[in-house]
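Asker: Under numbering that gives the first Met the number 0, the first residue of the sequence shown is numbered 0, with each subsequent residue one higher.
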Amino acid sequence: MTGYEYKVVPAPRKARKVKGAKTPEARFAYALQEVMNEHAALGWEFQRAETLPCDERQGLTSSQTVFRDLLVFRRPRDAQRTEAQEDVHPEPTELPDTTDTPEPDPEDNITAPTTDDTDTTPDTPDRDTGRT
Numbered sequence: 000m001t002g003y004e005y006k007v008v009p010a011p012r013k014a015r016k017v018k019g020a021k022t023p024e025a026r027f028a029y030a031l032q033e034v035m036n037e038h039a040a041l042g043w044e045f046q047r048a049e050t051l052p053c054d055e056r057q058g059l060t061s062s063q064t065v066f067r068d069l070l071v072f073r074r075p076r077d078a079q080r081t082e083a084q085e086d087v088h089p090e091p092t093e094l095p096d097t098t099d100t101p102e103p104d105p106e107d108n109i110t111a112p113t114t115d116d117t118d119t120t121p122d123t124p125d126r127d128t129g130r131t
């Protein structure tokens with residue numbers, strides 16, 4: 000049996016002006032259609048619209064119940080991506096390893112200077128303090 004994953008999104012509250020949509024109902028229907036088609040392109044299947052209560056805080060001490068409109072989508076958990084989904088969100092490809100480390104050139108044999116514990120600077124008086 001195939002499991003599903005679900006996605007719940009808020010339904011649009013405002014409708015945009017659309018050429019050819021004269022009534023508020025037509026503009027709202029177009030806004031819903033856009034949301035549904037966007038999710039369908041990503042592999043989500045529309046299930047239903049729900050109106051659910053939500054307790055929200057009002058002021059410092061009180062709360063009120065607000066009803067929210069939500070759209071419920073689902074898709075199979077282990078579904079293979081379709082070609083349309085690959086075009087929208089292609090899988091990342093592995094890049095070849097281009098971090099070749101060059102071989103050391105024997106002619107560029109440069110050695111780091113060695114540190115000696117012996118101080119080779121002569122003892123001269125310090126000009127600022129007059130001490131040695």
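Note that beta-carbon positions come from the ideal geometry of N, C-alpha and C, so glycine has one too.
#1: Do Met35 and Phe45 have their beta-carbon atoms positioned less than 8 angstroms apart in this structure?
#2: Report buried or exposed for Leu70, applying the criterion of at least 16 other Cβ atoms within 10 angstroms of its Cβ.
#3: Rounded to the nearest angstrom, what separates Lys18 and Ala10 at their Cα positions?
#4: What do you reckon, are the CB atoms on Asp68 and Thr50 nearer than 8 angstroms?
#5: So, helix, strand or coil for Val7, using DSSP?
#6: Spatial neighbours of Glu85 within its chain, please: CB distance less than 8 angstroms, with the 5 preceding and 5 following residues excluded, ordered by chain position.
#7: Name the two residues that bound the continuous beta strand (DSSP E) containing Leu51.
#8: Kindly list the residues whose CB is nearer than 6 angstroms to the CB of Thr64, restricted to its own chain and excluding five residues on each side of it in sequence; keep chain order.
#9: Do the CB positions of Arg15 and Ala30 come within less than 8 angstroms of each other?
#10: Looking only at C-alpha atoms, which of Thr60, Lys6, Thr1, Arg12 sits nearest to His38?
#11: Buried or exposed: which applies to Phe72, given that a residue is buried once 16 or more other Cβ atoms fall within 10 Å of its Cβ?
Answerer: Reading off the structure:
#1: Contact flag set, yes.
#2: With 16 or more other Cβ atoms within 10 Å, it is buried.
#3: For Lys18 and Ala10, the gap between their C-alpha atoms comes out near 21 angstroms.
#4: Contact: yes.
#5: Correct three-state label for Val7: strand.
#6: Low confidence applies here, because Glu85 scores a pLDDT of 47, under 50, leaving its location unreliable and the question unanswered by this model.
#7: First-last of the beta strand (DSSP E) with Leu51: 44-57.
#8: If we look at Thr64 and ignore the five residues flanking it on each side, its Cβ neighbours are Pro52, Asp54.
#9: Contact flag set, yes.
#10: Per the Cα distances, Lys6.
#11: Phe72 counts as buried, since at least 16 other C-beta atoms from the protein chains shown sit within 10 angstroms of its C-beta.
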